[in-house]
Amino acid sequence: MRIKPGLFLIAGALALAGCAEGSLNSARVDNWGEANRQTMAAQIIDPAPQYDTANPITSGDHAADAIERYNKDQVKKPDKVRTTTVGNGGGGGSGGGGN
Numbered sequence: 000m001r002i003k004p005g006l007f008l009i010a011g012a013l014a015l016a017g018c019a020e021g022s023l024n025s026a027r028v029d030n031w032g033e034a035n036r037q038t039m040a041a042q043i044i045d046p047a048p049q050y051d052t053a054n055p056i057t058s059g060d061h062a063a064d065a066i067e068r069y070n071k072d073q074v075k076k077p078d079k080v081r082t083t084t085v086g087n088g089g090g091g092g093s094g095g096g097g098n
């Protein structure tokens, strides 16, 4: 039984490919835990945020009145607001063909 030299070269090349620098295995090790770090970074709150618009005007008197109405079960009913519109579309009939 004789071993072909080409087969020996292919087996050697495959064995060395696993040790090559920059292979897929080393790329995985470089990013290990990156998803976890990104998730943790997304949960950090900016301690001094900068907004494009000013804070809305608030009134303590209006808030106190609202709490008073809530406690007396006399809450103002909100206006009806529709977020969708329903249309009644007419359907067309199909005409029959004749001879």
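So the sequence shown is numbered by numbering that gives the first Met the number 0: it starts at 0 and just counts up by one.
Ideal Cβ positions, reconstructed from N, Cα and C, are used throughout, including at glycine.
What you are looking at is a predicted structure, and each value in this text was computed from that prediction instead of being measured.
TODO: With DSSP collapsed to three states, give me the class of A10.
DONE: One-based indexing of the sequence shown puts residue 10 at position 11. Correct three-state label for A10: helix.
- [ ] Return yes when the Cβ of R68 is within less than 8 Å of the Cβ of K75, no when it is not.
- [x] In the sequence shown, the residue the question calls residue 75 occupies position 76. In the sequence shown, the residue the question calls residue 68 occupies position 69. Yes; because the gap between Cβ atoms is below 8 Å, this pair is in contact.
Task: Three-state secondary structure (DSSP) of T83 - done: Here residue 83 is taken as the residue at index 84 of the sequence shown, counted from 1. Coil at T83, not helix or strand.
Open item on the list: I need the DSSP call for G32, collapsed to helix, strand or coil.
Closed with: Counting from 1 along the sequence shown, the entry for residue 32 is found at position 33. Residue state, collapsed to three classes: coil.
- [ ] Whole angstroms is fine: what's the gap from V85's alpha carbon to D51's?
- [x] In the sequence shown, residue 85 corresponds to position 86, counting from 1. In the sequence shown, residue 51 corresponds to position 52, counting from 1. Going by the C-alpha atoms only, they are around 36 Å apart.
TODO: Locate the alpha helix (DSSP H) running through Y69, then write down its first and last residues.
DONE: Translated into the one-based positions of the sequence shown, residue 69 becomes position 70. It spans G59 to N70 - the alpha helix (DSSP H) in which Y69 sits, taken as one unbroken run.
Open item on the list: With a threshold of 8 Å on Cβ separation, who are the neighbours of N35 within its own chain once the five nearest residues in sequence on each side are excluded?
Closed with: The residue labelled residue 35 in the question sits at position 36 within the sequence shown. Here the set comprises nothing.
- [ ] State the Cα-Cα distance for the pair I43 and W31, rounded to the nearest angstrom.
- [x] Position 44 of the sequence shown holds residue 43. Position 32 of the sequence shown holds residue 31. So the alpha carbons of these two residues sit roughly 21 Å apart.
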